[in-house]
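I have placed the structure first, in the form of structure tokens, so that the comments after it can refer back to it.
2 protein chains.
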Amino acid sequence: MFNEIKTHEITVDIVILTIKNDALNVLLVKRNNEPFKNKWAIPGGYVRMSENLDEAAMRVLKEKTNVENIYLEQLYTFGDPLRHPVSRVITCAYFALIRSEDVEVVTSDDLAWHRVSELPPLAFDHKEIIEYSLKRTRERLEMCPVAYQLLNEKFTLTEMQKAYEMIMEKKLDKRNFRKKVITTEGLRELNEFSKSSSKRPARLYTFDNIKLNSKRAHFIKKGSKG
Amino acid sequence: MFNEIKTHEITVDIVILTIKNDALNVLLVKRNNEPFKNKWAIPGGYVRMSENLDEAAMRVLKEKTNVENIYLEQLYTFGDPLRHPVSRVITCAYFALIRSEDVEVVTSDDLAWHRVSELPPLAFDHKEIIEYSLKRTRERLEMCPVAYQLLNEKFTLTEMQKAYEMIMEKKLDKRNFRKKVITTEGLRELNEFSKSSSKRPARLYTFDNIKLNSKRAHFIKKGSKG
DNA sequence: ATTTAGATTGTTTATTATACAATATTTTTG
DNA sequence: CAAAAATATTGTATAATAAACAATCTAAAT
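Chains as they are written, first to last, in my numbering: chain A, 4 to 229; chain B, 4 to 229.
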């Protein structure tokens with residue numbers, strides 16, 4: 004009985020989100036072992052005895068993306084006895100928001116970004132975990148402008164609005180969005196303009212890493228056009 | 004190495020909150036084993052191989068309080084290597100909101116309600132877990148009227164307001180609170196009145212268990228008087 | 001009948017959210 | 001060089017919600 008209790012295994016799995024090619028993407032690895040061999044999965048690994056859960060998650064994140072100091076949050080712990088077909092593995096899921104320009108991902112047949120809107124079949128309960136991370140990201144976006152964690156350091160307001168629209172899965176009104184966003188603490192207007200566009204260049208903005216004022220916590224509401 | 008990874012133990016610990024004697028109370032058990040022998044702790048237990056985390060939490064809850072079908076939510080997973088002084092125990096913390104009238108707790112020297120404002124020294128990181136559960140309860144209260152989970156089936160608006168004030172840790176305006184609360188879906192006015200008071204009896208209300216309209220999600224904001 | 005303690009109720013103002021379209025700027029094209 | 005094209009930028013009016021604030025009502029006790 005006592006032994007029975009002790010044979011859980013515990014892992015961390017990380018939903019790594021970024022914006023790439025105008026779409027929300029998640030980093031997936033192709034499993035090269037059973038179970039679910041050759042299926043895609045979110046990156047993960049066993050928690051070592053010497054590290055806490057955050058550290059384990061950061062380690063896995065760094066292994067896969069070589070990024071540190073980014074938005075990483077514990078998401079939920081999934082512990083269904085049948086989630087792993089062979090042994091009892093409880094996983095503490097995290098999610099990370101990163102800038103694609105910060106990432107050094109050597110994509111290959113076994114490690115690649117996938118649009119969250121076009122996910123391949125996934126191992127374990129990883130589909131559920133990704134969906135939950137999207138829900139949580141939406142909740143965070145209602146509280147504070149975490150979207151800037153997904154954007155490059157310098158971004159246009161149109162890029163930011165597109166990020167919001169992708170995460171919230173609805174269209175926002177341009178004027179209301181801009182009115183709202185410019186009141187956000189930390190957003191700083193630059194005297195630089197985008198160059199890539201073939202038409203009128205857009206002003207670039209950046210986020211200073213300021214603690215966000217709780218008064219402005221509710222950022223984009225669910226039922227509005229922004 | 005592989006064996007090293009596998010020797011985590013995983014438990015669930017549950018912050019059980021109720022309102023009792025006009026105060027927010029948490030159910031604590033006195034430990035009769037080392038470590039932390041004779042210290043108070045929140046109820047918990049090992050996760051069995053056959054049950055998922057919710058089931059483990061519900062089992063522990065039922066063992067201690069004999070209640071079922073109440074508000075139970077996964078809170079956070081705590082996995083610091085040093086949180087348990089002897090072995091590596093990762094705990095998935097839950098919190099429950101219950102009605103004191105529903106509970107059959109045989110309080111004793113080893114099992115008792117404690118005001119959250121007057122907690123005794125606690126085992127492990129349980130103080131941190133309780134504090135986090137209070138923070139989460141506040142967040143939930145901003146989203147929906149979960150406070151009714153803590154109140155008896157029939158309650159007065161004054162009782163409800165007191166519950167809010169305890170959880171939000173601030174005074175609310177009586178008129179604004181009532182205006183707000185009566186727009187809540189599910190709240191039903193009864194043709195019954197409180198009897199205990201020695202002065203003017205107050206009308207009783209109850210909550211019908213309706214799915215709450217997301218339009219009315221934001222319930223009591225942080226920075227207001229209600 | 002009066003007192004007492006708590007219950008109940010409304011209005012005004014400020015803030016925030018929403019709906020909605022015309023103008024400005026730069027590049028490209030003819 | 002003028003016109004067209006594409007995207008960026010901006011404001012106002014209305015609706016909804018939040019906030020501040022105090023007098024009256026009611027049943028029990030005296």
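Cβ atoms here follow ideal geometry from the backbone N, Cα and C, with glycine treated the same way.
Using a Cβ-Cβ cut-off of 7 angstroms, D83(B) is close to N55 of chain A, given in chain order.
Rounded to the nearest whole angstrom, the CA to CA distance from L100(A) to I19(A) is 6 angstroms.
Looking at the backbone, the Cα of N55(A) and that of D16(B) are separated by about 18 angstroms. Using a Cβ-Cβ cut-off of 7 angstroms, T186(A) does not count as an interface residue toward chain B, since no Cβ of chain B sits closer than that to its own. Within its own chain, the residues whose Cβ lies closer than 8 angstroms to the Cβ of F98(B), once the five positions on either side in sequence are excluded, are I17, V18, I19, L20, L75, E76, L78, S136, R139 and T140, listed in chain order. Interface flag for H11(B) against chain A is set, since a Cβ pair is found closer than 7 angstroms.
Considering only H11(A), N28(A) and I13(A), the residue with the shortest C-alpha distance to M169(A) is N28(A). By the beta-carbon neighbour count (other beta carbons within 10 angstroms, threshold 16), R143(B) is buried. Per DSSP, the unbroken beta strand (DSSP E) holding A115(B) starts and ends at L114 to R118.
Taking a cut-off of 8 angstroms for Cβ pairs, the segment 25-40 of chain B and the segment 107-120 of chain B touch, as three or more such pairs fall below it.
The straight-line gap separating the alpha-carbon atoms of E37(A) and A44(A) is approximately 12 angstroms. T80(B) reaches chain A at L56, Q77, T80 and C95, counting residues in chain order whose Cβ is nearer than 8 angstroms. In terms of Cα proximity to H11(A), the closest of V50(B), N41(B), K33(B) and F39(B) is V50(B).
Where I133(B) is concerned, the enclosing alpha helix (DSSP H) starts and stops at H129 to M146.
Under the Cβ distance rule, M52(B) counts among the residues neighbouring chain A, one pair being separated by less than 7 angstroms. Beta-bridge pairing by DSSP links E192(A) to Y208(A).
For A166(B), the closest of A96(B), M52(B) and R102(B) by C-alpha to C-alpha distance is R102(B). In the structure shown, the three-state DSSP call for A126(A) is coil.
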